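I have placed the structure first, in the form of structure tokens, so that the comments after it can refer back to it.
Protein chains: 2
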Amino acid sequence: MSIDDRALAPMIDHTLLKPEAVPAQIERLCEEALQHGFAAVCVNGAWVSLAARLLSGSDVAVAAVTGFPLGAGTSTAKAFEAGDAVAGGAAEVDVVINVGALRAGDGSLVEAEVRAVVEAVGAGVPVKVILETALLTDEEKVRGCRLAVASGAAFVKTSTGFGPGGATEEDVALLRRTVGPDVGVKAAGGIRTREQAEAMIAAGANRLGTSTSVQIVQGAGNLAPCRVGRARPPAADGKPYVKE
Amino acid sequence: MSIDDRALAPMIDHTLLKPEAVPAQIERLCEEALQHGFAAVCVNGAWVSLAARLLSGSDVAVAAVTGFPLGAGTSTAKAFEAGDAVAGGAAEVDVVINVGALRAGDGSLVEAEVRAVVEAVGAGVPVKVILETALLTDEEKVRGCRLAVASGAAFVKTSTGFGPGGATEEDVALLRRTVGPDVGVKAAGGIRTREQAEAMIAAGANRLGTSTSVQIVQGAGNLAPCRVGRARPPAADGKPYVKE
Chain A
23 MSIDDRALAP MIDHTLLKPE AVPAQIERLC EEALQHGFAA VCVNGAWVSL
73 AARLLSGSDV AVAAVTGFPL GAGTSTAKAF EAGDAVAGGA AEVDVVINVG
123 ALRAGDGSLV EAEVRAVVEA VGAGVPVKVI LETALLTDEE KVRGCRLAVA
173 SGAAFVKTST GFGPGGATEE DVALLRRTVG PDVGVKAAGG IRTREQAEAM
223 IAAGANRLGT STSVQIVQGA GNLAPCRVGR ARPPAADGKP YVKE
Chain V
23 MSIDDRALAP MIDHTLLKPE AVPAQIERLC EEALQHGFAA VCVNGAWVSL
73 AARLLSGSDV AVAAVTGFPL GAGTSTAKAF EAGDAVAGGA AEVDVVINVG
123 ALRAGDGSLV EAEVRAVVEA VGAGVPVKVI LETALLTDEE KVRGCRLAVA
173 SGAAFVKTST GFGPGGATEE DVALLRRTVG PDVGVKAAGG IRTREQAEAM
223 IAAGANRLGT STSVQIVQGA GNLAPCRVGR ARPPAADGKP YVKE
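Taken in sequence, the protein lines are chains A and V.
When the first sequence is numbered by the working numbering, its final residue is 266 and no position is left out of the sequence of numbers.
When the second sequence is numbered by the working numbering, its final residue is 266 and no position is left out of the sequence of numbers.
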């Protein structure tokens, strides 16, 4: 499978979530997103209004992360943060599921929380629910997908990029099988090369989160040995702050 | 320098911040804190009310993390989350500074944000401002300390435990020199052994955040080779989710 650059770019959330990122880096992220026609920039809440101003009037959305990356805040705080991001100009919200509650079998907490976030952002703002698949069994991944979809999530998403592992083809395929064709699947975490990006799409993803978007649409991901060497497999690069 | 167990325990925030932690682990954390007389348990927001119920009437406080671990939410969201934690029973709040804003020289954002958090939690709730020192130059660490103190922080704290490095003796000493004797210094991140704990206190810390608190007060930290091998130096263990 090979995908045209013009088809690939609108599937990419151009992502910068490192805590040390400064406004100048957010500005460059937005410029690159405009230049290449990415779906969105994916940023932390503090930079949403800056990005929204820079992308105003364009087709590039601002996606804000919420409860990120641990997902272990209260439902009240996560819903508030999501609504705050939309007030600041976010058009999409990527929220981390309460992993501990999911693992403990507390589906009602998970479901009510996702619903609270969906309600806080309002109609027309897609909510992507991050499962952090590397921390879950396959059964928990399936359960997380079902709870997210039942609560109005527009996408399920594999990973934060800050966990012990990123997106895998197996997980993307499992998520796609579980949610069916009408809900989005976003693959994120450790996607560094064109080859990886195409593999994720082949496995069922219709959105990708990556910080190496420019290289990926230029097909250059595989031509930079030091980058490939550092980044694959995702869990082995030893960097607590994965460069998403 | 050698410290008595009974003097050491009340300096320790017994910490469990892994996203995959389940309620049973929070319950055990609280039991251990009661048994050993730790200063606090340090938990994610979702578990504050559970911990507060279990520790009700005791001398063990609940410390809630906020804007954790990236510190890159909006000031509004961080202040809301801090107030929400206090409403849920938190008696202390550990908030991560906006690292990017600090690095970019936006001191007014940092100062206003810490002040908003201090006001949101109200009088009598100490706010610990986490600098994430591994991402900062010494000059930025000093500036972060001064902004935090000017805004009413009760403590400055080295690290989240999720960053590229944890507490070092040099950083603890720098923080102590900067804030003087009347503001707290909390060392956190990578503290696994009694030897490390005592070194942090010798360097100027008056509070420690660690998940190996029980071993530390029992002086057993140095007797478990596999644990020491995994954890020292903190930045080299290659685990994105440091077990704090």
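All residues carry an ideal CB built from backbone N, CA and C; glycine is no exception.
No experiment lies behind these values; they were computed from the predicted model shown.
Nearest-angstrom Cα distance between Thr-88 (chain V) and Arg-125 (chain A)?
Distance between the alpha carbons of Thr-88 (chain V) and Arg-125 (chain A) is about 22 Å.
Same chain, Cβ closer than 8 Å to Leu-77 (chain A), five either side skipped, listed in chain order
For Leu-77 (chain A), where only same-chain residues beyond five positions count, the Cβ hits under 8 Å are Cys-52, Ala-55, Leu-56, Val-63, Ala-83, Val-84.
Could you tell me the distance, in whole angstroms, from the CA atom of Ile-48 (chain V) to the CA atom of Thr-180 (chain V)?
Distance between the alpha carbons of Ile-48 (chain V) and Thr-180 (chain V) is about 24 Å.
In the structure shown, what three-state DSSP assignment does Asp-116 (chain V) receive?
Here Asp-116 (chain V) carries a strand assignment [DSSP, helix/strand/coil].
What would DSSP say about Leu-124 (chain A), mapped onto helix, strand or coil?
Here Leu-124 (chain A) sits in helix by DSSP.
Could you tell me which chain B residues have their CB closer than 8 Å to the CB of Pro-41 (chain A), listed as they occur along the chain?
This model lacks chain B altogether, as its protein chains are A and V.
If I measure Cβ to Cβ from Ala-227 (chain A) and keep anything under 6 Å in the same chain, skipping five residues before and after, which residues do I get?
Val-194, Val-207, Ala-209.
Span separating the alpha-carbon of Leu-39 (chain A) from that of Val-65 (chain A)
The C-alpha of Val-65 (chain A) is placed about 6 Å away from the C-alpha of Leu-39 (chain A).
Checking the sheet assignment: what are the DSSP bridge partners for Thr-232 (chain V)?
In the DSSP output, where bridge partners are listed per residue, Thr-232 (chain V) has V:His-36.
Taking DSSP as the reference, what is the three-state secondary structure of Thr-215 (chain V)?
Thr-215 (chain V) carries a coil assignment under DSSP once its states are collapsed to helix, strand and coil.
Whether Val-108 (chain V) touches Val-143 (chain V) by CB criterion (8 Å)
Here Val-108 (chain V) is near Val-143 (chain V), since their CB atoms are less than 8 Å apart.
Which residues, in order along the stretch 41 to 57 of chain A, keep a beta-carbon less than 9 Å from a beta-carbon of chain V?
For the stretch 41 to 57 of chain A, the set of residues with a beta-carbon nearer than 9 Å to any beta-carbon of chain V comprises Pro-41, Glu-42, Ala-43, Val-44, Pro-45, Ala-46, Gln-47, Ile-48, in chain order.
Does the separation of the CB atoms of Phe-177 (chain V) and Val-147 (chain V) fall below 8 Å?
No; because the gap between Cβ atoms is not below 8 Å, this pair is not in contact.
Closer than 6 Å by C-beta to Gly-111 (chain V): which residues in its own chain qualify, once you throw out the five before and the five after it? Chain order, please.
Answer for Gly-111 (chain V): Val-70, Ser-71, Ala-74, Val-84, listed in chain order.
Is there a Cβ from chain V that is less than 8 Å from the Cβ of Glu-133 (chain A)?
Not an interface residue.
How about Gly-93 (chain A) and Ala-43 (chain V): do their beta carbons lie closer than 8 Å?
Taking a C-beta distance under 8 Å as the contact criterion, Gly-93 (chain A) and Ala-43 (chain V) do not qualify as a contact pair.
Straight-line Cα distance separating Arg-165 (chain V) from Val-171 (chain V):
Rounded to whole angstroms, the separation of the alpha carbons of Arg-165 (chain V) and Val-171 (chain V) is 10 Å.
Tell me the DSSP secondary structure of Val-171 (chain A) in three-state form.
DSSP places Val-171 (chain A) within a helical segment (H, G or I) once states are collapsed to three.
Just the C-alpha distance for Thr-234 (chain V) and Arg-168 (chain A), rounded to the nearest angstrom, thanks.
One C-alpha to the other measures close to 36 Å.
Amino acids of chain A, ordered along the chain, whose beta-carbon sits closer than 7 Å to that of Cys-125 (chain V):
Looking at the sequence itself, residue 125 (chain V) is Arg, so the reference to Cys does not match. Per Cβ cutoff of 7 Å: Glu-42, Val-44.
Along the beta strand (DSSP E) that carries Val-70 (chain V), what are the first and last residues, could you check?
Following the DSSP letters along the chain, one finds Val-70 (chain V) in no beta strand (DSSP E) but inside the alpha helix (DSSP H) bounded by residues 70 to 77.
Determine the DSSP secondary structure at Ala-189 (chain A), reduced to helix, strand or coil.
Ala-189 (chain A): coil per DSSP, three-state reduction.
Can you list, in chain order, the residues of its chain whose CB lies under 7 Å from that of Val-201 (chain A), leaving out five sequence neighbours each side?
Result list for Val-201 (chain A): Cys-167, Val-171, Val-178, Val-207, in chain order.
N-terminal and C-terminal residue of the alpha helix (DSSP H) that Phe-102 (chain V) is part of:
Its alpha helix (DSSP H) spans residues 97 to 109.
Tell me whether Leu-245 (chain A) sits in a helix, a strand or coil according to DSSP, three-state version.
Residue placement at Leu-245 (chain A) is flagged as unreliable, the pLDDT there being 43, under the threshold of 50; the coordinate-derived value follows with that caveat. In the structure shown, Leu-245 (chain A) falls within a helical segment according to DSSP collapsed to helix, strand and coil.
Beta-carbon neighbours of Asn-66 (chain V), restricted to chain A and to distances below 7 Å:
Correct list: Leu-92, Ala-94, Gly-95.
Please return the same chain residues whose Cβ sits closer than 7 Å to the Cβ of Thr-155 (chain A), not counting the five positions on each side in sequence.
Cβ within range, chain order: Lys-163, Thr-180, Ser-181, Asp-193.
Please list the partners that Thr-273 (chain A) has in chain V, where partner means a Cβ-to-Cβ separation under 7 Å.
With chain A running from 23 to 266 in the structure shown, residue 273 (chain A) is simply not present.
Residues of chain V with CB closer than 8 Å to the CB of Gly-21 (chain A), please, in chain order.
Residue 21 (chain A) lies beyond the residue range present for chain A, which begins at 23 and ends at 266; the question has no answer from this structure.
Of the listed residues A:Met-33, A:Leu-196, A:Ala-99, A:Ile-238, nearest to Glu-161 (chain A) (C-alpha basis)
Answer by Cα proximity: A:Leu-196.
Any Cβ of chain V within less than 8 Å of the Cβ of Glu-141 (chain A)?
Taking a beta-carbon distance threshold of 8 Å, Glu-141 (chain A) does not count as an interface residue toward chain V.
Hey, Val-149 (chain A) and Gly-174 (chain A) are a contact pair by Cβ (cut 8 Å); roughly how many whole angstroms apart?
About 7 Å separates the CB atoms of Val-149 (chain A) and Gly-174 (chain A); that is less than 8 Å, so the two are in contact.
Between the CA atoms of Thr-190 (chain V) and Ala-225 (chain A) - distance to the nearest angstrom
Annotation: Ala-225 (chain A) to Thr-190 (chain V) spans about 44 Å, alpha carbon to alpha carbon.
Could you have a look at Ala-94 (chain A) and say whether DSSP puts it in helix, strand or coil?
Note: Ala-94 (chain A) maps to coil in three-state DSSP.
Taking the alpha-carbon positions, what's the Ala-68 (chain V) to Val-132 (chain V) distance?
Straight-line Cα distance between these residues: approximately 25 Å.
Could you check what DSSP says for Val-63 (chain V) in three-state terms: helix, strand or coil?
The answer is strand: DSSP assigns Val-63 (chain V) an E or B state.
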